[in-house]
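>
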């Protein structure tokens, strides 16, 4: 604060920014007028914009329509499409001068995006709240920038969906991919087949009125809603109410565990197609978007193999394996989806020569299937590398580009078929409590990858802006920080969480599929431990690693060395405060050793610094002892990594070479 | 945590609690069944209850209706009234044993209350989350326990109203008094008289659909909604669209400032009554509650005095002053309100022998008018002493009893006419950003006063439970802590707010009407300064004052003395970190001297402790110098009090007598 930010410091970075002179001050006489062909989305967006700007600044900003002397003029050249389309022009031009501001766009979508850019630019400057003068000409790199939210494995109430749509709007995401059915739950009301939700949801599903409400909420924010109903596998929850759809006799129960399961639809029976046709018809009427996701992933073929009738069918049709049978299913499915006016989207397993080109392939396995799709004139979306549930740091997602690897060598017209990508929030280990923390702010790194130019890839800049973005999302009502704090309070049993926060601040949950593979989890497990509470990425550890690297490269300032020492001392001394607390709570007992180890990690780091500061080598025995301890401390305990350890190890290792 | 709380530690304290043995463990097999005549409110409440319990514990708790083996059985003896009434029995019996729980009530309202009690009892114990075994027999002391929210002076969006209704439900408040019109705004859509909202609201009003939504939300939570339309004064906003209603010619503008203003309705014209009759008819149809608040406060009579026709009218009718004219108005108004099926409520100015007994008088001036009302067989509500906007500490509101002072000496049947009271949140200095922080947790002290037995008045117990209540309200989504933190971040321009928090933690806003009287405020003023951000009551200062008192009474433990010293040293050293930050932000510049003074306050306290610890007197000159400084530091700066100063003064004063 104090220093006005420049336009390059927002997220995602705009295409072109020309700095201006001075600043546009936001005060009580701020007034908007809307001209041109802007639609209701723009008037709703202006309402939200004023409320947020007022909230961000504390300045009362009533929405005075038709008022004289506006100083922020919005213009749309057209009213946009009835159903938001992939082809709509999302560009905008935002001119900010000390005299006033103008936002011009060919389509309401551009105005929506420009308003988000404006909000992120507001800072407290020497003359009060203001935006720096500049001109921004912005447009997205990819037309499909999505976030998948899995509401099947853990149900997410409408309020969770809405606040995440607010976050998506801020980051210029434009597709909510709503994963609505899976083995563990069927989450939408069907009037045609009510036993789907009655038996397949444990009572946790969205009514059609709620779905319409979410779709409208998304449309207001320039976000399309693409539903996914995963078939023919991942469909146990359908079979609880309708066992006749399955390839093996029932009865079926809702699947409680995590993994890939055998149940699959019997795709050889006409009655299955009759059911799906009616169901898709009902859902096609509910979801206005042109695209319809049928899943299609991870069919293991076991139920098909064990069903003689299905085996006969395959033989009669000359099918050599379950992939052929799934291709047959997908072809008939695609015809139905198309008949109901939709374009079929599916995971990369659906790629098959028999399917028409118009399908869209979403790759969870890598750029290779996208390149394959593009070469056969189908379009593709990247999700491989964007799985937020794997708990990787933002930098890892940031480095994944839809047009790198196999897709980098595509011809220009083939590259056009790579529509963009989607960050994915699979929900085995998230609840309404911690889902925001697993999505935000890391999803913003994916948002920038999909919106900004390909050469925007400075990692330090990304992290600096990610921090600002995280704070901004707090103001929008996202709960990544608020619920994190509440969950720490829950573990602690009071609001006195300082020592627990110090420990939590250096920890990260285990990565990839570690918990699924080693733990005993299902959807009845409470997700209330420290591993469920800590942020996926430790900012403090990342910053500390940076300090250590600069120190070892002999480029630290004295203040930075001092900062390292303060941090290490804080970690060394933390267990003294925390240990008595941990004994009191059953949920915290498992972290007793991690907290105790942190003392040693901190002390070891300080000791190493002492050796290094005095230019001397440490005794070999000391070094070996410490490294043995640190190698141990580097391993996960209670499904948590202490992310300080690798940096302290570097310090200790350095004591041999000084 | 770790130690299970007893039933006496919730808020408000139940009427009767019998401790039991063991605990009722909450785990994934927790199942509710509802029997008896419970209505939709109970089924909605069960949904909310399970969501909250799941949120509080992290345990998945699907709402499995008709499931076998419930371990929490709810029973209502009746379905309750169509329109929630004052006479409904709100009592409940909650039996908690290690084998299961039962909640039994004569009316759904009791079940709603009992569920709130259960939620507050859940803690983490040695066997996981649990409630201690006990039997609670509970009922309210007063049938009318209200919270007034003024949405006229600053508009509050529906989301603000809803989350405060959640807080009210938790504290067993049962009336939302919705102050919907005043000089500064007319906040509801009228179809009959649309110029009311079109010209009187700056575009900030509730649509009738929103009003119905809020009423339904409240009803679901056992809360009645009583609208207030303040007439014949406090009504400038009506006259912007309908100047013919006023007693002096227009045109009128929405009033921007705070205070008591001259405009008043012309209560001598039949057209005014025609208008009001139609308006009340429309609103009586929208608000189902049996009571209808017409305001009636603070008519200064100036417009009436200056209008010759009104003066003639008064003379013709033998009226000696504006009070007589207002009584005439109130009588005609009461007839209209009654004709539309409602009972009239008004502020204590409406008390007049001509009005029928059925009116309800709400006293903002003291228990005296309530006693007067009760003696003439009218009913009364206390709000004097419960004004949350005056920034008094919780203990001050806690000490005010509807049946103390003038009402204490009423006969038993007269006391019955004191229906209860209402905490009042007048909105001159609150926005959606900080209103939660001005209401909560202090309103809980009023809630307890109105629900619990008269002899529940242990202040230390109240504060201990208020702290727990505040943490609990965080989980419900109240923003008293979350927005406080965001507003500090806004002032600071980043999330690095530790030093600012240390300062803010010892400050309180100026009290009573200080800001109105000395500042230059209106509804266009930004409320984004530190005075708008700090909590109304400093817990840290209160605790520190307690430490000092115990120290001076020679009853401190060594740990407590150590704690005092740590705190004082922290305050002494804070400005060093904070001063550079304050220079950067225009909004923080005004607190430079307060931050600097805190250094001296801390150092002085430590110095005094040194003298006192060594049993010696301090030099008289030192003492005088320090007291001169402290007397100065005790005065408000930037509309903020440093609440540590009085305690440090005590320490310094004590150095003369040791």
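Residue numbers (the numbering used here), protein chains in the order written: chain A, 1 to 658; chain B, 1001 to 1658.
We treat Cβ as the ideally placed atom computed from N, Cα and C, and that holds for glycine.
For clarity, every value in this text was computed on a predicted model and none was experimentally measured.
(1) If residue 1223 of chain B and residue 1174 of chain B are in contact, beta carbons under 8 Å, what's the gap, nearest whole angstrom?
(2) Relative to the C-alpha of residue 1063 of chain B, which residue among B/1071, B/1046, B/1073 is closest?
(3) Flag this pair as yes or no: are the beta carbons of residue 12 of chain A and residue 448 of chain A separated by less than 7 Å?
(4) What in chain B is Cβ-close to residue 537 of chain A, meaning under 9 Å?
(5) Just grab the DSSP bridge partners of residue 423 of chain A for me.
(6) Spatial neighbours of residue 1207 of chain B within its chain, please: C-beta separation below 6 Å, excluding the five flanking residues on both sides.
(7) Please return the same chain residues whose Cβ sits closer than 7 Å to the Cβ of residue 20 of chain A, not counting the five positions on each side in sequence.
(8) Output yes if chain A places a C-beta closer than 7 Å to the C-beta of residue 1495 of chain B; else output no.
(9) Between residue 1528 of chain B and residue 1490 of chain B, which are expected to be in contact by the criterion C-beta below 8 Å, what is the C-beta distance as a whole number of angstroms?
(10) DSSP three-state label for residue 454 of chain A, please.
(11) Please tell me whether residue 1062 of chain B has its Cβ less than 7 Å away from any Cβ of chain A.
(12) So residue 501 of chain A is in the alpha helix (DSSP H); what residue range does that whole segment cover?
(13) Is the Cβ of residue 1528 of chain B closer than 7 Å to any Cβ of chain A?
(14) Establish whether the CB of residue 1202 of chain B and some CB of chain A are separated by less than 7 Å.
(15) Would you call residue 1049 of chain B buried or exposed, if buried means 16 or more other Cβ atoms sit within 10 Å of its Cβ?
(16) In this structure, how does DSSP classify residue 16 of chain A when only helix, strand and coil are distinguished?
(17) Given this structure, state the Cα-to-Cα distance separating residue 1088 of chain B from residue 185 of chain A, to the nearest angstrom.
(18) Looking at residue 644 of chain A and residue 601 of chain A, is the spacing between their C-beta atoms short of 7 Å?
(19) Check whether the Cβ atoms of residue 1070 of chain B and residue 1031 of chain B lie closer than 7 Å to each other.
(20) Give a yes or no on whether 7 Å exceeds the smallest Cβ distance from residue 1087 of chain B to chain A.
(21) Helix, strand or coil: how does DSSP classify residue 155 of chain A here?
(22) Could you list which residues in chain E have their beta carbon closer than 7 Å to that of residue 433 of chain A, in chain order?
(23) Give a yes or no on whether the minimum CB-CB distance between residue 498 of chain A and chain B is below 7 Å.
(24) Given a threshold of 16 other Cβ atoms within 10 Å of its Cβ, counted over all protein chains shown, does residue 1349 of chain B qualify as buried or as exposed?
(25) Tell me, please, whether the region 463 to 479 of chain A touches the region 151 to 167 of chain A by the rule of three or more beta-carbon pairs shorter than 8 Å.
(26) Could you say if the region 1141 to 1152 of chain B and the region 1513 to 1529 of chain B meet the contact criterion of at least three C-beta pairs nearer than 8 Å?
(27) Please tell me whether residue 1286 of chain B has its Cβ less than 7 Å away from any Cβ of chain A.
(28) Counting only C-beta atoms, is residue 585 of chain A closer than 7 Å to chain B at any point?
(29) Please check if any C-beta of chain B sits within less than 7 Å of the C-beta of residue 97 of chain A.
(30) Within the same chain, show all residues whose beta-carbon is closer than 8 Å to that of residue 536 of chain A, passing over the 5 residues directly before and after it, in chain order.
(31) For residue 384 of chain A, which option in A/398, A/375, A/376, A/378 has the closest C-alpha, if you only look at C-alpha atoms?
(32) Which one of B/1300, B/1280, B/1040 has the shortest CA to CA distance from residue 1332 of chain B?
(33) Ordered along the chain, which non-local residues of its own chain (more than five positions away) have a Cβ less than 8 Å from that of residue 1129 of chain B?
(34) Keeping to the same chain, check which residues put their C-beta closer than 7 Å to that of residue 6 of chain A; ignore five residues upstream and five downstream.
(35) How far does the beta strand (DSSP E) with residue 1291 of chain B in it reach, from first residue to last?
(36) For residue 1244 of chain B, count the other beta carbons within 10 Å of its own beta carbon; 16 or more makes it buried, fewer makes it exposed. Which is it?
Looking at the coordinates:
(1) Sure, about 6 Å apart at Cβ, within 8 Å.
(2) Minimum Cα distance to residue 1063 of chain B is reached at B/1046.
(3) Yes, they are a contact pair.
(4) For residue 537 of chain A, there are no neighbours in chain B by C-beta distance under 9 Å, as the nearest C-beta there is about 16 Å away.
(5) In the DSSP assignment, the residues bridged to residue 423 of chain A are A/147.
(6) Closer than 6 Å at Cβ, skipping near neighbours: 1189.
(7) Excluding its 5 nearest sequence neighbours in each direction, residue 20 of chain A has C-beta neighbours in its own chain below 7 Å: 96, 97, 133, 134, 135, listed in chain order.
(8) For residue 1495 of chain B, the answer is yes, since a Cβ of chain A falls inside 7 Å of its Cβ.
(9) With 8 Å as the limit, residue 1528 of chain B and residue 1490 of chain B qualify as a contact, their Cβ atoms being about 7 Å apart.
(10) DSSP places residue 454 of chain A in coil when its eight states are reduced to three.
(11) The Cβ of residue 1062 of chain B sits closer than 7 Å to at least one Cβ of chain A.
(12) First-last of the alpha helix (DSSP H) with residue 501 of chain A: 498 to 504.
(13) Yes, contact with chain A.
(14) Contacts with chain A at 7 Å (Cβ-Cβ) include residue 1202 of chain B.
(15) Buried is the call here.
(16) Residue state, collapsed to three classes: strand.
(17) Just so you know, the alpha carbons of residue 1088 of chain B and residue 185 of chain A end up roughly 41 Å apart.
(18) In this structure, the beta-carbon distance from residue 601 of chain A to residue 644 of chain A falls below 7 Å.
(19) Closer than 7 Å, so yes.
(20) Interface with chain A (7 Å Cβ-Cβ cutoff): residue 1087 of chain B is excluded.
(21) Coil, per DSSP.
(22) Here chain E cannot be found, since the structure's protein chains are A and B.
(23) Residue 498 of chain A does not count as touching chain B.
(24) Answer is buried; the Cβ neighbour count reaches 16.
(25) They touch, by the three-pair rule.
(26) Contact between the region 1141 to 1152 of chain B and the region 1513 to 1529 of chain B is absent, because fewer than three Cβ pairs lie under 8 Å.
(27) For residue 1286 of chain B, the answer is no, since every Cβ of chain A falls outside 7 Å of its Cβ.
(28) Closer than 7 Å: yes.
(29) It does not: the Cβ of residue 97 of chain A has no partner Cβ on chain B nearer than 7 Å.
(30) In its chain, beyond the 5 residues on either side, 388, 391, 392, 393, 437, 438, 442, 508, 509 have a beta carbon closer than 8 Å to the beta carbon of residue 536 of chain A.
(31) The candidate whose alpha carbon is nearest that of residue 384 of chain A is A/398.
(32) If we check each option's Cα against that of residue 1332 of chain B, B/1280 comes out closest.
(33) Exclusion of the five residues before and after residue 1129 of chain B leaves 1025, 1026, 1027, 1056, 1057, 1059, 1122, 1123 as the residues of its chain whose Cβ lies within less than 8 Å of its Cβ.
(34) Confidence at residue 6 of chain A is low in this model, with a pLDDT of 45, below 50, so its placement is unreliable and the value that follows should be read with caution. Counting only Cβ-Cβ distances below 7 Å, and skipping sequence neighbours, we find 19, 132.
(35) From DSSP, the beta strand (DSSP E) with residue 1291 of chain B extends over 1291 to 1293.
(36) Note on residue 1244 of chain B: under 16 other CB atoms within 10 angstroms of its CB, so exposed under the neighbour-count rule.
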